[in-house]
Every structure is written in C-alpha cells, then in structure tokens.
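The sequence shown begins at 0 in numbering that gives the first Met the number 0 and counts up one residue at a time. Reviewing the structure listed below.
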Amino acid sequence: MKADLKKELGAYTATRGRFDVVTLPPLRYLMIDGHGDPNTADRYRDALQTLYPVAYAVKFLSKRTLDRDYTVMPLEALWWADDMAAFTSARDKSQWDWTLLNLLPDWITDAHVEEARTTVAAKGSAPLLDELRVETLDEGLCVQTLHLGPYDDEAPVLDELHTRYIPDHGLRMTGRHHEIYLGDARRTAPEKLRTILRQRVERVS
Numbered sequence: 000m001k002a003d004l005k006k007e008l009g010a011y012t013a014t015r016g017r018f019d020v021v022t023l024p025p026l027r028y029l030m031i032d033g034h035g036d037p038n039t040a041d042r043y044r045d046a047l048q049t050l051y052p053v054a055y056a057v058k059f060l061s062k063r064t065l066d067r068d069y070t071v072m073p074l075e076a077l078w079w080a081d082d083m084a085a086f087t088s089a090r091d092k093s094q095w096d097w098t099l100l101n102l103l104p105d106w107i108t109d110a111h112v113e114e115a116r117t118t119v120a121a122k123g124s125a126p127l128l129d130e131l132r133v134e135t136l137d138e139g140l141c142v143q144t145l146h147l148g149p150y151d152d153e154a155p156v157l158d159e160l161h162t163r164y165i166p167d168h169g170l171r172m173t174g175r176h177h178e179i180y181l182g183d184a185r186r187t188a189p190e191k192l193r194t195i196l197r198q199r200v201e202r203v204s
C-alpha cells in the first residue's frame, strides 16, 4: 500500500475559520533557502526545479529498494523578513526570505537522499542541487488554520492569528511563519487554493 503521510501525521489537516493548537514531532525535510519575490525570483524557480526532482527520486528509490511506496508530500515553506510587516500586511515580496521544504518519511536515511541526489545530478537539470540539504525541524507547539483563496488574501487571517488568538490564549510566537500548500497553484483557480497557515508558539508562564 502507498503511505499517505498527511493522514498519518494528522497535523496536515486544518479547518477554515478555526485556529487549532497542535503539537508536532521533529520532522525531517529536504530544504533549500532563498530570498526574494516567489513570483519573479530566479532562485525560487531554481529551488523548485531542484526540490521536486530529488523528492521524486527518493520516492522511487524507496519503492524500488525498500518496497515502501508513499505519496510525495506537498510543498511547504518557512517565511520571514527583517520587518515582518513586509510579509503579513505590506506584502513587500522583494523583502521576503524563505526556506522551501518537502517532508521525508521517517524511514528515509541520509544515505537514501544522497543516492537520489546522485541520480538527479546525472540528469543535469537541478540547478541548486549542491545547496539542497536534509534538516530536522522541531516546531513542537503550533497554532494553525486553513486559508482558502489567493495567497495575497492571507493578511487578515494572519493579523487575527498574531494579534488576537495567540495572545488571548496565553501564547507568544516563536520561530518562523510556516505554510503548507495543499493545492497546485499552476492548476488551481486562486479562489480555490488551500493553504495551511502555521505558527510556532510557546506558552507564556
């Protein structure tokens, strides 16, 4: 059977109009860092053209050599800026920093990733392959919700999350804003895009 990590992990579902507090285990991801407008920056395009070939190479290696198939997880990203207003309200995308993520199953080792990297390198079509890394993200306690619609319409939801829900529930923000893209923006109408908005938090003593 093909494993569906979204269902197994649970926290890869969220509800529109509701904020949920979730606790995540440490998770391992393929990661690539960058800066700039995701709509226009060459580096963002190159990051995607590196991340997904490796993710699929790992999947096929797992199926072929380990007899364990799974669905490649959706694109995720951490976002931040020196002035977070550039992200949450002003939406000045030229100021954004980001890390693109793709979740790995827990049975995939660093050796499997390196083998997949070698396979992709032989094809010569992954421009940032040398910068791709595997890293564990330990977010722990988080608040998340589902946003339905264009990415640029997230600001009111983020404002409610940051300025009302989190402080009203005895929490404060730590870490970076995290988004999980449940739809393919290339094939989905903007008003139907589904995005999990996640913020790492800690309890105020």
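Heads up, the beta-carbon is just placed ideally off N, CA and C, and yes, glycines get one too.
- Message: By alpha-carbon positions, which one of T162, D152, P73 and T187 ends up nearest to K6?
- Response: Position 7 of the sequence shown, counting from 1, holds the residue named residue 6. Ranking the options by Cα distance to K6, first place goes to P73.
- Any chance you could list the beta strand (DSSP E) runs of at least 3 consecutive residues sitting entirely within the stretch 23 to 69, in chain order? 26 to 34
- Between the Cα of L47 and those of D158, S61 and M30, spot the shortest distance and give me the residue it belongs to. Here the question's residue 47 lines up with position 48 in the sequence shown. Selected option, being the one with the closest Cα: M30.
- Item | Neighbour-count burial assignment, L65, 16 or more Cβ in a 10 Å radius | By 1-based counting over the sequence shown, the position of residue 65 is 66. Burial call: exposed.
- Message: Alpha carbons only, please: which of L160, R17 and Q198 is nearest the one belonging to E207?
- Response: Here the chain covers residues 0 to 204 and nothing more, so residue 207 does not appear.
- Task: Helix, strand or coil for V71, going by three-state DSSP, please let me know.
- Result: Position 72 of the sequence shown, counted from the start, is the residue given in the question as residue 71. Secondary structure of V71 (DSSP, three-state): coil.
- Message: Using 7 Å as the threshold, is the C-beta distance between D32 and T98 below it?
- Response: Your numbering for residue 32 matches position 33 in the sequence shown. Your numbering for residue 98 matches position 99 in the sequence shown. In this structure, D32 lies near T98, with their beta-carbon atoms less than 7 Å apart.
- Query: From T118 to Y51, what does the alpha carbon distance come to, in whole angstroms?
  - Reply: Indexing the sequence shown from 1 puts residue 118 at position 119. Indexing the sequence shown from 1 puts residue 51 at position 52. Rounded to whole angstroms, T118 to Y51 spans 13 Å at the Cα level.
- Item | contact_flag[the stretch 167 to 178, the stretch 187 to 201] where n(CB pairs < 8 Å) is 3 or more | yes
- Query: How close, in whole Å, do the beta carbons of L136 and Y28 come, if the pair is a contact with beta carbons under 8 Å?
  - Reply: Position 137 of the sequence shown holds residue 136. Position 29 of the sequence shown holds residue 28. With a Cβ gap of about 6 Å, L136 and Y28 count as contacting.
- Query: Where does D3 fall in DSSP's three states?
  - Reply: As a first step, residue 3 must be located in the sequence shown, where it is residue number 4. Coil.
- Check whether the Cβ atoms of D109 and V133 lie closer than 7 Å to each other. Counted from its first residue, the sequence shown places residue 109 at position 110. Counted from its first residue, the sequence shown places residue 133 at position 134. Contact flag set, yes.
- Message: In whole angstroms, give me the CA-to-CA distance for V112 and L131.
- Response: Residue 112 sits at position 113 when you count from the first residue of the sequence shown. Residue 131 sits at position 132 when you count from the first residue of the sequence shown. Answer to the nearest angstrom: the Cα atoms are 10 Å apart.
- Please list, in chain order, all residues of the same chain as T22 whose beta carbon is under 7 Å from its beta carbon, the five residues on each side excluded. Residue mapping note: residue 22 aligns to position 23 of the sequence shown, counting from 1. Here the set comprises G139 and L140.
- Task: Give the secondary structure of T162 by DSSP, where H, G and I count as helix, E and B as strand, and everything else as coil.
- Result: Here the question's residue 162 lines up with position 163 in the sequence shown. Helix, per DSSP.
- Query: Taking C-beta to C-beta, are V142 and F18 nearer than 7 Å?
  - Reply: Taking the first residue of the sequence shown as position 1, residue 142 is located at position 143. Taking the first residue of the sequence shown as position 1, residue 18 is located at position 19. Contact flag set, yes.
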